[in-house]
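A.B. asks: The structure under discussion is supplied below as structure tokens; questions concerning it will follow.
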Amino acid sequence: MNLSVREIQEQDIPLISDYWVNATSESLLAMGAIKEMVPDQKYWQEALLSQIKSNYAEKQSYCTIWLVDGEPIGHCNVNKIIFGQEAYMHLQLWKADKRQSGLGTSLVKLSLPYFFQNLQLKTLFCEPYALNPAPNSTLKKLGFDFVKEYITVPGSFSFEQPTNRWELSLEKFNLLF
Numbered sequence: 001m002n003l004s005v006r007e008i009q010e011q012d013i014p015l016i017s018d019y020w021v022n023a024t025s026e027s028l029l030a031m032g033a034i035k036e037m038v039p040d041q042k043y044w045q046e047a048l049l050s051q052i053k054s055n056y057a058e059k060q061s062y063c064t065i066w067l068v069d070g071e072p073i074g075h076c077n078v079n080k081i082i083f084g085q086e087a088y089m090h091l092q093l094w095k096a097d098k099r100q101s102g103l104g105t106s107l108v109k110l111s112l113p114y115f116f117q118n119l120q121l122k123t124l125f126c127e128p129y130a131l132n133p134a135p136n137s138t139l140k141k142l143g144f145d146f147v148k149e150y151i152t153v154p155g156s157f158s159f160e161q162p163t164n165r166w167e168l169s170l171e172k173f174n175l176l177f
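Quick note: the sequence shown uses my numbering, first residue 1, plus one each step.
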């Protein structure tokens with residue numbers, strides 16, 4: 001099995017928008033999101049195309065595509081970017097049969113250099129739903145430092161929830177990877 005990561009391309013936009021728009025209420029709730037708040041296809045098309053066309057210093061979000069044997073199976077993106085400083089990471093395995101297999105950990109590891117190098121980050125944060133074990137386990141395995149659990153609304157289509165804040169500094173990234 002060959003794992004690889006690349007920057008998002010226009011051909012990936014329907015894959016990401018379909019993942020979100022067609023997700024079940026149950027799967028979204030498990031991630032801490034609300035189906036009725038998920039943006040429509042047009043939003044995803046415009047937002048992702050804008051991301052692709054922006055230079056690194058101007059990106060509001062930045063996405064890598066995860067591939068297994070050349071087939072896209074998920075994505076990892078950052079938002080809340082302060083170029084040269086920090087960003088907040090999100091990880092999504094689209095294919096249910098690929099989850100809980102260790103692939104997420106390996107693919108996040110391959111995505112990290114894109115974020116640290118291209119956005120010149122000093123700190124990368126990730127704030128998964130505290131009750132969703134998969135991303136929390138992945139972050140711990142990768143060496144992210146647990147900062148705190150707190151109640152917040154972590155995303156634009158999330159509900160108020162217990163959220164874990166994890167962080168990886170540039171110094172630790174350079175030591176581990």
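C-beta: ideal position from N, C-alpha, C; glycine also. The model shown is predicted, which means the values in this text are computed figures rather than measured ones.
Pull up the CB-CB distance for Y129 and Q92, whole angstroms please, since I reckon it's below 8 angstroms.
C.D. replies: Contact doesn't hold; Cβ gap of about 13 angstroms is too wide.
A.B. asks: Out of curiosity, what's the CA-to-CA distance linking L175 and R165?
C.D. replies: Going from the Cα of L175 to the Cα of R165 covers about 21 angstroms.
A.B. asks: Tell me, which residues are paired with Y88 by DSSP?
C.D. replies: Y88 is bridged to N79 and F125.
A.B. asks: Closest to I73 by CA distance: which of F159, L168 and R6 is it?
C.D. replies: Out of F159, L168 and R6, R6 has the C-alpha closest to the C-alpha of I73.
A.B. asks: Should the segment 31-40 be called in touch with the segment 140-149, which here means at least 3 C-beta pairs below 8 angstroms?
C.D. replies: Cβ pair count under 8 angstroms is below three, so no.
A.B. asks: What whole-angstrom Cβ distance do F125 and M89 have, given they're in contact under 8 angstroms?
C.D. replies: Indeed they touch by this definition, with Cβ atoms about 7 angstroms apart.
A.B. asks: Determine the DSSP secondary structure at K148, reduced to helix, strand or coil.
C.D. replies: Here K148 sits in strand by DSSP.
A.B. asks: Roughly how far, in whole angstroms, is the beta-carbon of T123 from the beta-carbon of E167, given that I think they are within contact range, below 8 angstroms?
C.D. replies: Going by Cβ atoms, the distance from T123 to E167 rounds to 6 angstroms, so yes, they are a contact pair.
A.B. asks: Do F173 and K109 have their C-beta atoms closer together than 8 angstroms?
C.D. replies: No, the Cβ-Cβ distance between F173 and K109 is not below 8 angstroms.
A.B. asks: With a threshold of 16 other CB atoms inside 10 Å of the CB of E171, please say whether the residue is buried or exposed.
C.D. replies: It counts as exposed.
A.B. asks: Residue range of the beta strand (DSSP E) that I65 falls in?
C.D. replies: Here the beta strand (DSSP E) through I65 covers S61 to V68.
A.B. asks: So M1 packs on V78, CB below 8 angstroms; how close in whole Å?
C.D. replies: About 26 angstroms; that fails the 8 angstroms criterion.
A.B. asks: Is T105 helix, strand or coil when you go by DSSP?
C.D. replies: Residue state, collapsed to three classes: helix.
A.B. asks: Counting along the chain, where does the alpha helix (DSSP H) carrying N164 start and finish?
C.D. replies: No alpha helix (DSSP H) holds N164; the beta strand (DSSP E) holding it covers Q161 to S169.
A.B. asks: Grab the span of the beta strand (DSSP E) containing E46 for me, first residue to last.
C.D. replies: Where E46 is concerned, there is no enclosing beta strand (DSSP E), although the alpha helix (DSSP H) it sits in stretches over Q41 to K53.
A.B. asks: Between I81 and Q100, is the Cβ-Cβ spacing less than 8 angstroms?
C.D. replies: No, these two residues do not count as a Cβ contact at 8 angstroms.
A.B. asks: Report yes if the C-beta distance between W44 and L107 is below 8 angstroms; otherwise report no.
C.D. replies: Cβ atoms of W44 and L107: not closer than 8 angstroms.
A.B. asks: Distance check for Y62 and Q51, CA to CA, integer angstroms please.
C.D. replies: The straight-line gap from Cα to Cα measures roughly 6 angstroms.
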